[in-house]
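Take the sequence shown: its letter number 286 is residue 286 in full-length UniProt numbering, and every next letter is one higher. Cβ atoms here follow ideal geometry from the backbone N, Cα and C, with glycine treated the same way. Below is one structure; the comments refer to it alone.
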Amino acid sequence: MSKQVLNLNETRTAKKVNELTSSLVLYSKTQNERISQKTANITVQVLLLNPRYSNILNESISKTEKIFIKDCYEFLFNEKSITSLTFRMQCFFYGRFLNRDAYKNHQKQVLMRNCFNLLEKLKKVWHNPSEDLKEMHNDLVKLILIKEGMDFKDDPSAFEEMKAALNSVFPTSSLSTFVSSSQKTKMAFINEVSSIAAGIRLHAWYSQKAGKFMFDAGTIMKETLPKVCEDLHEEFNCIKEKVERLRNELLCVTEETPSTKETHHNKLMLIALTNYMDIIKYLKESIDEVAVQTYKLDYSFAVQIKELSSNMKVGPFTKADLIYPHYKNLAKTWKQIQLEGHLLSFYTNLFYDVKKFSESLSTVKPIDEIPIKGNCSFEDDGNCTVILPKDVKNFNAITLQYKGFCAFYCSLGILVQSNKEHGIIMYNYLCYGFSSIETLKAFKNNPNKYIKGSMDLMLKIPQLIFTLHTEENFGITVLNAYESEQISPVFVANTSIQTVLHPIEKNIDNTYNWNQWTLRKQALKYVDLLDKRTHSTQTDLSHFRRENYSQVYLPRDSSTQTRKDASTSVTKAELSKLSLGTTTEILS
1 MSKQVLNLNE
11 TRTAKKVNEL
21 TSSLVLYSKT
31 QNERISQKTA
41 NITVQVLLLN
51 PRYSNILNES
61 ISKTEKIFIK
71 DCYEFLFNEK
81 SITSLTFRMQ
91 CFFYGRFLNR
101 DAYKNHQKQV
111 LMRNCFNLLE
121 KLKKVWHNPS
131 EDLKEMHNDL
141 VKLILIKEGM
151 DFKDDPSAFE
161 EMKAALNSVF
171 PTSSLSTFVS
181 SSQKTKMAFI
191 NEVSSIAAGI
201 RLHAWYSQKA
211 GKFMFDAGTI
221 MKETLPKVCE
231 DLHEEFNCIK
241 EKVERLRNEL
251 LCVTEETPST
261 KETHHNKLML
271 IALTNYMDII
281 KYLKESIDEV
291 AVQTYKLDYS
301 FAVQIKELSS
311 NMKVGPFTKA
321 DLIYPHYKNL
331 AKTWKQIQLE
341 GHLLSFYTNL
351 FYDVKKFSES
361 LSTVKPIDEI
371 PIKGNCSFED
381 DGNCTVILPK
391 DVKNFNAITL
401 QYKGFCAFYC
411 SLGILVQSNK
421 EHGIIMYNYL
431 CYGFSSIETL
441 KAFKNNPNKY
451 IKGSMDLMLK
461 IPQLIFTLHT
471 EENFGITVLN
481 AYESEQISPV
491 FVANTSIQTV
501 LHPIEKNIDN
511 TYNWNQWTLR
521 KQALKYVDLL
531 DKRTHSTQTD
541 LSHFRRENYS
551 QVYLPRDSST
561 QTRKDASTSV
571 TKAELSKLSL
581 GTTTEILS
């Protein structure tokens, strides 16, 4: 394992880094540039890897800090540097990108903030409700508009339409009951009424009676989605061609060939374009998922509208318990469609913002000089193992170092995708992939040389640290938080030296019976039960009772039984035989 160059676990170091981060944010504001706290923090950590600034953590000289902050700013906002543009693109994208689940949680938090004041106002105890009923009703309408995502600024009729929908479910005369309810009851009531009122307005909108400026999924599917998908597809193919061309040119460079300015420029450009291609791939997959979900939800919405319309045609007085669930389902589907629309807008804006970095990269001129290599220490455990597909159970799932790029070419600054079928080398409990058998053999002969060469190159080209996801090796904050967990190989044991079953306590089955005669008896018992089970077709004598002499307990003799009466039992009134006979005679 490599030694951490920057140890942020120390209290003194972490405090100093935070101070420098705050200074960089303030300095950027004076230069009319805004950066996030996370971007500033990572920038400070990256520059502290440079040996030039090794003493700044132990010094408190303001002059040295000012020079360091200026260097951080120049490193971050130098438009003529490929390193600066690539690093800023990485920080920009991974600092803003959210996957579906994270974006949903973010939207929930935003919704709670927007609804907080109105909810607190409605939940409070109204001492004189008769004067404020109108204001309360208006607040309830506003809350439903915000909660259901229908508060469009360009929709002037939204308030009146939602008010009419709410009155059909919850008239103003019922506000006095709402005021006297508990907070828990109020919240449940608001959730119930808001979804029903939103469903009523949505049905009216579908019938073209309301909601002129409402969100339209049809426009997204017919216009926005095809255009964005086409732009992403073209951009991805264009960048892929550039990456392959640069990679083929650099593969001609051998290990012994000294690096020239042009070669180093091409390496930096390859790293930048590889990052950009990964970003486009992230966005492409996310937008494709949005497209699939939008088409599904639009179909569900149309089906629900059809079911609602058919149920309303049953009669003029349709029961509320039959129609209200359809309104609630309609509102739920609508909110999901709206979320997909927001996701599409978010990813589209992110794509066009990141595209500007690619345009800036194409205008950068070749570099003037080649940076001096860094000097990174490395610990050698000496364990080097070649892993083939037959050696492990989870070969395809193993996580490779350097994001799956060939470890041999990473030491040269050339990003070439590895091929697992050639084999994997496990060294110091980390797995490395290779693009060919020759590179695997070269790495196996001297793994320290190539690993140390890669780490020295990362100190020279800082953006390579985030490209290959090796932040932990340098003690830097991880930039991409959406990477999958590390999966280690699960080796297949050699059966020739294994016992049948190791005597481990958890492997012992206490209910296991080894006696074959007992097992045979148990099997015969199960067969006998199988023959005696009741079938659906009964015989003629199936309902007959068995003979008394074959019973375990003989039936009771009723002549010897006495009747037991409870103390509270009342004797039944019975007509005497005399009166009954008399009555019979009279009737006859």
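Pairwise C-alpha distance: residue j and residue i
i	j	result
glutamine 304	tyrosine 206	11 Å
asparagine 457	glycine 413	Sequence inspection shows leucine at residue 457; the asparagine mentioned does not correspond to that position. Their backbone Cα atoms lie some 7 Å apart in a straight line.
lysine 227	phenylalanine 346	15 Å
cysteine 229	glutamate 285	10 Å
aspartate 155	glutamate 161	10 Å
isoleucine 337	isoleucine 146	16 Å
serine 2	lysine 108	Residue confidence for serine 2 is low, a pLDDT of 44 falling below 50, so the modelled location carries little weight; the figure read from the coordinates is stated next. Looking at the two C-alpha atoms, the distance is approximately 41 Å.
lysine 240	valine 290	24 Å
isoleucine 220	methionine 269	35 Å
threonine 518	lysine 390	42 Å
tyrosine 276	lysine 441	31 Å
lysine 306	isoleucine 200	14 Å
lysine 525	lysine 506	30 Å
isoleucine 82	serine 309	60 Å
isoleucine 190	threonine 274	50 Å
phenylalanine 466	alanine 164	55 Å
aspartate 231	lysine 460	35 Å
histidine 422	threonine 439	10 Å
leucine 343	tyrosine 512	57 Å
Sequence-distant residues of the same chain with beta carbon closer than 7 Å to residue i, five excluded per side
i	result
asparagine 329	Gln304
glutamate 19	none
threonine 43	Leu24, Cys72, Phe75 and Leu76
asparagine 78	Ser84
cysteine 115	Leu143, Ile146 and Lys147
glycine 453	Ser411
residue 589	No answer is possible for residue 589: the residues shown for the chain start at 1 and end at 588.
aspartate 139	Leu118, Lys121 and Leu122
Cβ neighbours of residue i in the same chain (closer than 8 Å, five flanking residues each side left out)
i	result
leucine 400	Ser418, Lys420, Ile424, Cys431, Tyr432 and Gly433
isoleucine 398	Ile387, Val392, Lys420, Ile424, Cys431, Ile487, Ser488 and Pro489
serine 576	Because the pLDDT of serine 576 is 42, which lies under 50, any placement of that residue in the model is unreliable, and the question is left without a value.
lysine 142	Leu118, Asp151 and Phe159
lysine 186	Leu122, Lys123 and Phe178
Three-way DSSP call (helix, strand, coil) for residue i in this model
i	result
threonine 21	helix
tyrosine 512	coil
glutamine 417	strand
phenylalanine 152	coil
leucine 98	coil
lysine 444	helix
glycine 475	coil
glutamate 33	coil
residue 595	Summary: the structure shown does not reach residue 595, with the chain confined to residues 1 through 588, and so no result is reported for it.
isoleucine 461	coil
alanine 481	coil
histidine 469	coil
serine 182	coil
lysine 80	coil
Bridge partners - residue i, DSSP secondary structure assignment
i	result
cysteine 384	Tyr427
valine 392	Phe491
tyrosine 432	Ile425
valine 92	Residue identity check: residue 92 is phenylalanine in the sequence provided, not valine. Phenylalanine 92 is not bridged to any residue.
phenylalanine 405	Gln417
Residues near residue i in its chain [Cβ-Cβ closer than 6 Å; skip 5 each side]
i	result
isoleucine 69	Ser23, Leu24 and Tyr27
alanine 40	Thr21, Leu24 and Val25
leucine 202	Leu330 and Trp334
phenylalanine 92	none
Cβ-heavy atom distance, residue i to the ligand NAD, below 8 Å
i	result
serine 207	The ligand NAD is absent from the structure shown, which contains no ligand whatsoever.
Buried versus exposed, by CB contacts within 10 Å (16 or more), residue i
i	result
tyrosine 402	buried
glutamine 183	exposed
arginine 520	exposed
methionine 112	exposed
asparagine 445	exposed
proline 171	exposed
proline 51	exposed
threonine 64	exposed
alanine 90	One point to set straight first is that residue 90 is glutamine, not alanine, in the sequence displayed. Glutamine 90 should be labelled buried.
glutamine 45	buried
glutamate 340	buried
glutamine 31	exposed
cysteine 238	exposed
arginine 88	buried
Cβ of residue i within 9 Å of any chain B Cβ
i	result
threonine 219	Among the chains in the structure shown there is no chain B, since it carries only a single protein chain.
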